[in-house]
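Chemist:
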Amino acid sequence: MELNNVRYSHDNGITTITINRPKKLNALNQETIQELHQAFKKADEDFNTRVILVTGSGEKAFIAGADISEFADYSVVQGEQLAAKGHAKLFDFVAHLATPVIAVINGFALGGGLELAMAAHFRIASDNAKMGLPEVSLGVIPGYGGTQRLPQLVGKGRAMELIMTAGMIDAAQALEYGLVNHVTSQEELIELAEKLAGKIMKNSSVAISSAITAVNAGFEAGENGFETEITEFGKCFGTADFKEGTSAFLDKRKPKFPGQ
Ligand code: COA
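So the sequence shown is numbered by the working numbering: it starts at 1 and just counts up by one.
1. According to DSSP, is M118 helix, strand or coil?
2. Measuring alpha carbon to alpha carbon, tell me which of L90, G56, I52, E191 ends up nearest N5.
3. Quick one: measure Cβ to Cβ for Q34 and K89, integer angstroms, because I've assumed they're closer than 8 Å.
4. Using a strict less-than 7 Å threshold between each residue's beta carbon and the heavy atoms of the ligand COA, what residues do you get?
5. Skipping 5 residues on each side, what residues in its chain have a beta carbon closer than 6 Å to that of V206?
6. Quick check: the stretch 130–145 against the stretch 100–111, are at least 3 beta-carbon pairs closer than 8 Å?
7. Which class does L189 belong to by DSSP, given the choice of helix, strand or coil?
8. Buried or exposed: G146, going by 16 or more other Cβ atoms within 10 Å of its Cβ?
9. Taking the alpha helix (DSSP H) that S9 belongs to, which residues open and close that run?
10. Mark G178 as exposed unless 16 or more other C-beta atoms lie within 10 angstroms of its C-beta, in which case mark it buried.
11. Which partner residues does F108 have in the DSSP bridge list?
12. Which residues in the same chain as K256 place their Cβ atom closer than 8 Å to its Cβ, once the five residues preceding and following it in sequence are excluded?
13. Evaluate L250 with the Cβ neighbour count: other Cβ atoms within 10 Å of its Cβ, from every protein chain shown; 16 or more gives buried, anything less gives exposed.
14. Go to H37, then tell me how far its alpha helix (DSSP H) extends in each direction, as first and last residue.
15. Skipping 5 residues on each side, what residues in its chain have a beta carbon closer than 7 Å to that of A98?
16. Any idea what DSSP makes of L53, helix, strand or coil?
17. CA-CA distance, T184 and L53?
18. Which two residues bound the contiguous alpha helix (DSSP H) that contains M164?
19. Any idea what DSSP makes of I230, helix, strand or coil?
20. Do I102 and V51 have their C-beta atoms within less than 8 Å of each other?
21. Just the C-alpha distance for N20 and T246, rounded to the nearest angstrom, thanks.
22. Expressed to the nearest angstrom, what Euclidean distance is found between the alpha-carbon atoms of Y74 and K254?
23. Per DSSP, which residues does R123 bridge with? Please list them.
What follows is the structure in structure tokens.
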């Protein structure tokens with residue numbers, strides 16, 4: 001896997017995917033989106049990856065949006081294709097991964113950057129982070145899921161205001177809105193991410209994947225989240241992790257989940 005704009009590292013169950021175009025504030029060009037697709041796919045298929053962290057390189061930005069220089073002269077058809085391809089390769093792709101993804105927002109998360117963070121399963125941020133969907137200031141709308149995922153996370157009125165004003169909120173406001181789960185200093189951000197990952201990794205990875213599927217189903221048109229929950233709940237009873245989890249509880253010992 002050759003990566004020019006993305007760094008991929010693995011340590012102790014955690015795979016960290018870092019967008020690495022700091023001079024362009026990690027803006028998402030097509031090459032970077034393709035590389036992120038490859039990196040997320042590889043991590044999800046790796047049995048040893050239990051949690052994926054996604055973050056930006058440098059101290060200034062997580063991702064300052066889609067790369068504006070790439071689409072400035074696009075036609076209507078090209079615009080639609082850009083959004084559709086982005087959903088398939090990255091944003092929907094990440095949201096539906098079986099492995100938990102935490103967005104570690106270390107600075108600006110704007111436009112496509114906030115949309116990628118929102119596609120992750122949850123988000124934490126450093127206290128210098130700023131978030132927003134500034135697309136209407138460019139004459140376009142969020143096209144990588146922002147009009148759907150922002151209202152799901154913060155409520156319709158707040159999402160409408162953020163989108164219409166093209167404004168940015170700081171980390172404290174994002175925490176109050178429930179857009180991020182925790183805020184810490186930039187120095188302690190990765191440590192916090194690893195601490196949360198550590199808690200996740202103590203649990204059954206198979207059950208966590210089922211939980212992701214069930215939670216996602218409730219937000220998808222045409223799917224009944226309760227029905228999906230029942231199906232996924234039932235599936236758990238056929239797993240080695242369930243046998244181990246329940247036996248360990250009854251034997252008063254800590255479980256050693258096989259991840260199957
Ligand atoms: N697309 C392409 N290039 C981008 C970019 C984006 N979304 N965001 C930043 N960059 C580039 C800048 O063009 C600049 O490149 P240059 O040095 O070759 O001129 C470099 O990254 C640094 O950005 P700069 O604007 O000089 O930094 P700043 O600290 O003054 O401002 C921001 C930071 C984030 C406020 C500003 O870069 C910005 O508004 N970016 C666009 C955000 C946006 O609208 N995103 C949604 C896109 S749909």
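Backbone N, C-alpha and C define an ideal beta-carbon position, used for all residues, glycine too.
Modeler: On the basis of the supplied data:
1. Numbered from 1 along the sequence shown, position 118 holds the residue referred to as residue 118. For M118, the secondary structure class from DSSP, reduced to helix, strand or coil, is helix.
2. One-based indexing of the sequence shown puts residue 5 at position 5. Considering only alpha carbons, the answer is G56.
3. The count along the sequence shown starts at 1 and reaches residue 34 at position 34. The count along the sequence shown starts at 1 and reaches residue 89 at position 89. With a beta-carbon spacing of about 7 Å, Q34 and K89 fall inside the 8 Å limit used to define contacts.
4. Ordered along the chain, the selected set is K23, K24, L25, A27, K60, A61, A64, G65, A66, D67, I68, S69, F108, L110, G111, G112, P134, E135, S137, L138, V140.
5. Taking the sequence shown and counting its residues from 1, one reaches residue 206 at position 206. The answer, listed in chain order, is T239, D241.
6. With contact defined as three or more Cβ pairs closer than 8 Å, the stretch 100–111 and the stretch 130–145 are in contact.
7. Numbered from its first residue, the sequence shown carries residue 189 at position 189. Helix.
8. Your numbering for residue 146 matches position 146 in the sequence shown. Burial call: buried.
9. On the sequence shown, position 9 is the one that residue 9 refers to. Where S9 is concerned, there is no enclosing alpha helix (DSSP H), although the beta strand (DSSP E) it sits in stretches over 6–11.
10. Start at 1 with the first residue of the sequence shown, and residue 178 comes out as number 178. Exposed, because fewer than 16 other Cβ atoms sit within 10 Å of the Cβ of G178.
11. Residue mapping note: residue 108 aligns to position 108 of the sequence shown, counting from 1. For F108, which the question treats as bridged, DSSP gives the partners A61, K130.
12. Numbered from its first residue, the sequence shown carries residue 256 at position 256. Within its own chain, the residues whose Cβ lies closer than 8 Å to the Cβ of K256, once the five positions on either side in sequence are excluded, are E244, A248, listed in chain order.
13. In the sequence shown, the residue the question calls residue 250 occupies position 250. Its Cβ having fewer than 16 others within 10 Å, L250 is exposed.
14. To locate residue 37, count along the sequence shown from 1; it is residue 37. DSSP places H37 inside the alpha helix (DSSP H), whose first and last residues are 30–45.
15. As a working note, residue 98 is residue 98 in the sequence shown. D44, S209, I212, listed in sequence order.
16. On the sequence shown, residue 53 is found 53 positions in, with the first residue counted as 1. Here DSSP, grouped into helix, strand and coil, assigns L53 to strand.
17. Numbered from its first residue, the sequence shown carries residue 184 at position 184. Numbered from its first residue, the sequence shown carries residue 53 at position 53. Pairing T184 with L53, the inter-Cα distance amounts to about 16 Å.
18. For this step, residue 164 is matched to residue 164 along the sequence shown. Looking at the DSSP string, the run of the alpha helix (DSSP H) that includes M164 is 156–165.
19. Against the sequence shown, residue 230 aligns to sequence position 230. It is helical.
20. As a working note, residue 102 is residue 102 in the sequence shown. As a working note, residue 51 is residue 51 in the sequence shown. Pairing I102 with V51 gives a Cβ-Cβ distance under 8 Å.
21. For this step, residue 20 is matched to residue 20 along the sequence shown. For this step, residue 246 is matched to residue 246 along the sequence shown. Across the structure, N20 and T246 are spaced so that their CA atoms are roughly 43 Å apart.
22. Stepping through the sequence shown from its first residue, residue 74 is reached at position 74. Stepping through the sequence shown from its first residue, residue 254 is reached at position 254. Roughly 56 Å separates the two Cα atoms.
23. Residue numbering aside, residue 123 sits at position 123 when the sequence shown is read from its first letter. A103.
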